[in-house]
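Some notes on the structure that comes next.
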Amino acid sequence: MSQAASARKWTVEKSERRNTIPEGLWLRCPSCAQMIYRRQMEANLHCCPECGHHFRIGAVERVRQLLDTGSFSPMFTTLSPRDPLGFADLRAYPDRLAAEQRKTGQQDGVQAGEGFIKGRPAMLCCLDLTFMMGSMGSVVGETVTRSIEHATRLGLPLVVVSCSGGARMQEAGLSLMQMAKTSAALARYDKAGGLFISVLTDPTTGGVTASFAMLGDVIVAEPNALIGFAGPRVIQQTIRQELPEGFQRSEFLLSSGLVDRVVSRKDLRSELARLIDYAGM
Amino acid sequence: MSTFYQLEFERPVVEIERQITEAERGEAAPKAAAGVPALGGVADGAGGEASANGSSPPADLVALRARRDEVLRELYRDLSPWDSVRVARHPNRPQTRDYIDRLCRDFCELHGDRRYGDDPAMVTGFGRIGSIKCLIVGHQKGRDTQEKLACHFGCAHPEGYRKALAKMKLAEKYGLPIVTFVDTPGAYPGLGAEQRGQAEAIAVNLREMSTLRTPIVSVVIGEGGSGGALGIAVSNRVAMLRHSWYSVISPEGCAAILWKQANEQTNNAAANALKLTSRDNLELGIIDSIIDEPLGGAHRDPAAAATQLERWVIDELTRLREVNPDVLVEERYARFRRMGSYAEQMADTEPIGSD
Ligand SMILES: [Zn+2]
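Shown next, in the form of structure tokens:
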């Protein structure tokens, strides 16, 4: 009893909003430490106007950046998460979900739909870091899978923008199975001759990396994004030594032969269009 | 087999087992030659308990054994998930190579991924189970310290997953069914593993296994940790030994993240929450069957555990071998396609085409 109480006291929840930018007209760039004007940063695709640091963005903003204005037709919006395991840690999963839904105005951490990229029709699916760290539960897995299936049926190029802490622990085994589900759907899309461009953004780790995110026909990464199977902290605890500078960053993956291109956010749209043209889709 | 290692919850049975050992020592001396159980004998389910030449053991020994069985049955009836994880990690629990030794005639190990190396944490090779020629793939944790270190305690590297896939493609080519044994805390998290594409290796296995035109059956024999487990388990049929676990993360990993600390109490809570036991996985539809273990867990009677395992594998393969490869692929796809739990509101009245 007292043990439980003290454990709870010990584990005061830290701020959950470390990844969102604090409100205010000005903010300090975490990369170059310059004070930058928020509006200017936002107008610059959420990149630092001084050093080009890529701030993390949500899925709604990502869709807005990548697709031709007004061309997005959202799909699979009727899906919403359940609590199949009755999961409760320090907080019950349904409470967590409700809080995230209030915060974001979204049902779960993904946006999907058809749209146009510089006039080229495409299927776009974006994970949303602002919703439970972009973790993949059943809704994300199902949405990605339906996006793949839709692209397969219609012969559309498929773009998936990943950013995720990995599988969603609150759906445990069922979220693990989403890895197999999405990957199997990609096998069929591949067989049908589809073009899958996987865009990796900061951070992409765990079960998302170890499934659809690393299965792109072409894999592009935003600069300096953390991309890996295991998180840096887990690796550090395992090998008990400091990780080398730049380890698990986009440029490291590029030199290790794991991604095709590192592409700045400002060039992403035209890069996608170019790749779609080369694939003739 | 050494009995130095004890599970905390098994404490009530330890004293009885000591008395049995003592009584047996007195009993065994006169007829040592006849009573030795055949090592590695698969069919020897009785485990050498019955006296070999017809004479029955003394009454006190019979009583002790009955008492032990009763206590074990009681202890194992409602094993907590966290205790189940402990059984799954028992150092004497049979591993992939133990099952291969017991199940396979003429095992022909195949090494290496032809790209980087030969990962000892992943065992692959041809073998016969019953009369069925198949490819066997399994995680290996290692028995002694040296083997454990070489195997990274069952945590495979990318070359392990690539080796597994390369051999599975061979099996497909020759129409051999594939049997995989899952026993890993997770894929290895390290510098080389990341640099050589751990995530890519697993992802490719998930994609490619879904297309293999040959039967695949998997058994979680100990630990089924996350993507590292799934990386060899995209199969037509998946079973778990009763006291193994299978989930997206280990209880300790989950506790450290969601409870902010891993200790006895939070590990216990995480193990409960993760629904990682064989019964939970069966209820969730993640696995198709539970394979029973001998009383008191597979570590008490590896031969009996192997017999149970063998029966399931042969049953499933016998059935699946009759199925057309197109149907096998279709069924395997459908098996994973339906996984997940979400709500879907049917009337979608949202306007389409707005930004
Ligand atoms: Zn800056």
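Here the protein sequences come in this chain order: S and B.
Residue 132 in our numbering sits at position 132 of the first sequence, with consecutive numbering throughout.
Every number in our numbering is 1000 more than the matching position in the second sequence, counting from 1.
A virtual CB, placed ideally from N, CA and C, is assigned to each residue, including glycine.
For clarity, every value in this text was computed on a predicted model and none was experimentally measured.
Task: Distance between aspartate 95 (chain S) and alanine 1166 (chain B) (C-alpha atoms, nearest Å) - done: 45 Å
- [ ] Spatial neighbours of leucine 1284 (chain B) within its chain, please: CB distance less than 7 Å, with the 5 preceding and 5 following residues excluded, ordered by chain position.
- [x] Lys1275
- [ ] Can you grab the Cα-Cα spacing for the pair aspartate 128 (chain S) / lysine 1260 (chain B), in whole Å?
- [x] 24 Å
Task: Nearest-angstrom Cβ-Cβ length linking leucine 195 (chain S) and isoleucine 276 (chain S), presumed shorter than 8 Å - done: 7 Å
Task: In chain order, each alpha helix (DSSP H) run of at least 4 residues that lies wholly inside the stretch 160-227 of chain S - done: 172-191, 206-209
Open item on the list: On the DSSP bridge list, what partners appear for alanine 33 (chain S)?
Closed with: DSSP lists no partner for alanine 33 (chain S).
Task: Buried or exposed by the 16-neighbour rule on C-beta atoms within 10 Å, applied to lysine 266 (chain S) - done: exposed
- [ ] Give, in chain order, every residue of the stretch 1143-1177 of chain B whose Cβ lies closer than 7 Å to some Cβ of chain S.
- [x] none
TODO: Return the chain-ordered list of same chain residues with a C-beta closer than 8 Å to the C-beta of leucine 1039 (chain B), the five sequence neighbours on each side being excluded.
DONE: A caution first: leucine 1039 (chain B) carries a pLDDT of 43, below 50, which makes its placement in the model too unreliable to give a value.
TODO: Indicate whether at least one CB of chain S lies closer than 8 Å to the CB of phenylalanine 1336 (chain B).
DONE: yes
Open item on the list: Can you confirm whether isoleucine 239 (chain S), when its beta carbon is compared against all beta carbons of chain B, has any partner nearer than 8 Å?
Closed with: yes
Open item on the list: I need the residues with a C-beta less than 5 Å from some heavy atom of ligand 2; please give them in chain order.
Closed with: Inclusion of ligand 2 in the displayed structure is not the case, the ligand content consisting of ligand 1 alone.
Task: Segments assigned alpha helix (DSSP H), at least 4 residues, entirely inside the stretch 1092-1153 of chain B - done: 1096-1103, 1145-1150
TODO: Mark glycine 1026 (chain B) as exposed unless 16 or more other C-beta atoms lie within 10 angstroms of its C-beta, in which case mark it buried.
DONE: exposed
Open item on the list: Any beta carbon of chain S sitting closer than 8 Å to that of leucine 1191 (chain B)?
Closed with: yes
Open item on the list: Less than 8 Å between CB atoms is the rule here; does leucine 1282 (chain B) satisfy it with respect to chain S?
Closed with: no
TODO: Compare the C-beta of serine 1226 (chain B) against all C-beta atoms of chain S and say whether one is closer than 8 Å.
DONE: yes
TODO: Taking only runs that begin and end inside the stretch 1209-1290 of chain B, name each unbroken beta strand (DSSP E) of 3 or more residues, in chain order.
DONE: 1216-1225, 1237-1241, 1245-1247
Task: Neighbour list for glutamine 1345 (chain B) in chain S, Cβ cutoff strictly below 8 Å - done: Thr78, Ser80
Open item on the list: Do glycine 58 (chain S) and threonine 130 (chain S) count as a contact pair if the criterion is CB distance below 8 Å?
Closed with: yes
Open item on the list: Using only the alpha-carbon positions, how far apart do glutamate 1330 (chain B) and glycine 115 (chain S) sit?
Closed with: 31 Å
- [ ] Please decide whether serine 175 (chain S) counts as near chain B, where near means a Cβ-Cβ distance under 8 Å.
- [x] yes
Open item on the list: Given a cut-off of 8 Å on the beta-carbon distance, is the pair leucine 1317 (chain B) and proline 1177 (chain B) in contact?
Closed with: yes
Task: Identified DSSP bridge partners for valine 1182 (chain B) - done: B:Val1220
TODO: Measure from the C-beta of threonine 209 (chain S) to each C-beta in chain B and report whether the shortest distance is under 8 Å.
DONE: yes
- [ ] Report the three-state DSSP secondary structure of leucine 127 (chain S) (helix, strand or coil).
- [x] strand
TODO: Give every residue of the same chain whose Cβ lies closer than 8 Å to the Cβ of arginine 1073 (chain B), excluding the five residues on either side of it in the sequence, and list them in chain order.
DONE: Leu1295
TODO: For arginine 1242 (chain B), count neighbouring C-beta atoms within 10 Å of its own C-beta (all shown protein chains included) and say buried if the count is 16 or more, exposed if not.
DONE: buried
Open item on the list: Is the beta carbon of proline 81 (chain S) closer than 8 Å to that of leucine 67 (chain S)?
Closed with: no
TODO: Could you tell me whether any Cβ in chain B is nearer than 8 Å to the Cβ of methionine 214 (chain S)?
DONE: yes
- [ ] Name, please, each residue of chain S whose Cβ falls closer than 7 Å to the Cβ of leucine 1230 (chain B).
- [x] Leu176, Met179, Ala180
- [ ] Return the bridge partner residues of alanine 1343 (chain B) from the DSSP annotation.
- [x] S:Ser80
- [ ] Look at alanine 167 (chain S) and glycine 109 (chain S) and say whether their C-beta atoms are less than 8 Å apart.
- [x] no
TODO: Under the assumption that valine 1220 (chain B) contacts alanine 1229 (chain B) (Cβ atoms under 8 Å), give the Cβ distance between them as a whole number of angstroms.
DONE: 7 Å
Open item on the list: Counting only beta-carbon separations shorter than 8 Å, does alanine 1271 (chain B) have a partner in chain S?
Closed with: no
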